[in-house]
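Position in the sequence shown (from 1) plus 911 gives the number in this note's numbering.
A virtual CB, placed ideally from N, CA and C, is assigned to each residue, including glycine.
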Amino acid sequence: MIEDSFKDGEFLKVSIRVGFTKPGAGEHPLEPGLKLASELGFDGIELCLEPKRWDVPSAWSEDLSRRDRATIRKLAERYGLEIATLSSDWPGYYSSFCPRLRHWERGLEILKSDIELAEDLGAKAILVHFAGARGTLEQAKEMLSELAYEGERRDVRVGYESGLWTRYLGTLEDLCRIVDEVGSKYLGVYLHNWWPRSGRPPHEEIELVGDRIVCLHSSEIDLENVDYRLMLTTLKKYYDWYWVFEVELKDAKKNLELWRRLMAEYW
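If you want it as structure tokens, here you go:
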């Protein structure tokens, strides 16, 4: 059962978002990120799927052959890392020329291809969003229902990034209601709290989302503005899988050290 894979340890695991970059001689484009994550002691990575650019390598699901996918899995295994999650990052660009959800037929095709890639790489979940595209809640629900069906086919949980949802499409309550109405265990909320820039304190959002949490995202540890004791006490009621850091690689070590302190004190 997929639920069991989200309850596989007594403590949270920790991962970091990485993507393809310009490699060194003889390296794979993912290798610099894998090497750093492994050296610092992360448990896994979140692979970022980005639009194709002429000057920088990118992980684009429709371009990665079966051989490419096998190579990526073997590389992660070599560095002792789990490819825990994927993140569809390209919609930020896509929505700039398709700003209405009614024009997202092609966008949905690519998201489904991303979910297939997640299955092939052994990932358990994927972050999706429609970036700044606007539409009705019913349109968003229909699209998420399609993605949930694809997730069920692939045994990959689909989570909508909460901060982007509340910025462009509706309230967090709206997203939770849609998840409940779709009624699939393969659809939930990819919780990324934006406090104090916007939204609510983390413990309040965690309490609202509850067991709809697919994965937990975080920017830098913010000891000044976040009550981590309260946050983690609330989180423990609903979730014990990965904490994914979305930080610059140069800041990875600092945040990992702070995260370990928080785990030792409050988990």
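Alpha-carbon to alpha-carbon, residue j and residue i
i       : j       : result
Gly1018 : Pro1002 : 8 Å
Lys1165 : Arg1013 : 43 Å
Ile927  : Ser1130 : 10 Å
Leu1167 : Lys1096 : 30 Å
Ser976  : Thr1082 : 38 Å
Val1067 : Ala995  : 10 Å
Phe1041 : Glu973  : 18 Å
Ala936  : Pro1112 : 45 Å
Glu942  : Lys1161 : 16 Å
Cys873  : Pro934  : What the structure shows of the chain is the stretch from 912 to 1178, and residue 873 is not part of that stretch, so it cannot be assessed.
Asn1136 : Asp979  : 42 Å
Arg1172 : Leu1134 : 11 Å
Ile1021 : Glu1027 : 10 Å
Exposure of residue i, with buried meaning 16 or more beta-carbon neighbours within 10 Å
i       : result
Glu914  : Legend: pLDDT at Glu914 = 47, less than 50; position of this residue unreliable, no value from coordinates given.
Asp1031 : buried
Thr1077 : buried
Lys1147 : exposed
Glu1116 : buried
Glu950  : exposed
Glu1092 : exposed
Phe917  : Caution applies to Phe917, whose pLDDT of 46 falls short of 50 and renders its modelled position unreliable; the value that the coordinates give is listed next. Under this definition Phe917 is a buried residue.
Met1054 : buried
Closer than 6 Å: residue i CB and nearest the ligand HEM heavy atom
i       : result
Trp1170 : Annotation note on the ligand HEM: not contained in the displayed structure, which lists no ligands.
Cβ separation of residue i and residue j, assumed to be a contact under 8 Å, to the nearest whole Å
i       : j       : result
Ala981  : Leu945  : About 15 Å; that fails the 8 Å criterion.
Ser1073 : Val1100 : 5 Å
Tyr1150 : Gly955  : Not quite, the Cβ-Cβ distance comes to about 16 Å (not below 8 Å), so this is no contact.
His1128 : Val1155 : 5 Å
Ile1124 : Trp1170 : Actually they are not in contact, since the Cβ atoms of Ile1124 and Trp1170 sit about 18 Å apart, beyond 8 Å.
Leu1098 : Ala1044 : Their Cβ separation, rounded to whole angstroms, is 18 Å, which puts Leu1098 and Ala1044 out of contact at 8 Å.
Val967  : Ala948  : About 19 Å separates the two Cβ atoms, so there is no contact after all.
Tyr1071 : Val1039 : 6 Å
His1114 : Asp1138 : 7 Å
Residue interval of the beta strand (DSSP E) (run including residue i)
i       : result
Ser999  : Glu993 to Ser999
Arg1111 : Element bounds for Arg1111: n/a, residue is neither H nor E.
Phe1156 : Tyr1153 to Phe1156
Ile1124 : Ile1124 to Ser1129
Ile927  : Lys924 to Val929
Tyr1177 : Where Tyr1177 is concerned, there is no enclosing beta strand (DSSP E), although the alpha helix (DSSP H) it sits in stretches over Ala1163 to Tyr1177.
Tyr1101 : Leu1098 to His1103
Contact with chain E by residue i, beta-carbon distance below 7 Å
i      : result
Val967 : The structure shown contains no chain E; it holds only a single protein chain.
Start and end residues, alpha helix (DSSP H) containing residue i
i       : result
Gly1081 : Per DSSP, Gly1081 belongs to no alpha helix (DSSP H) and is neither H nor E.
With three or more C-beta pairs closer than 8 Å as the rule, is the segment 990-1009 touching the segment 959-971? yes
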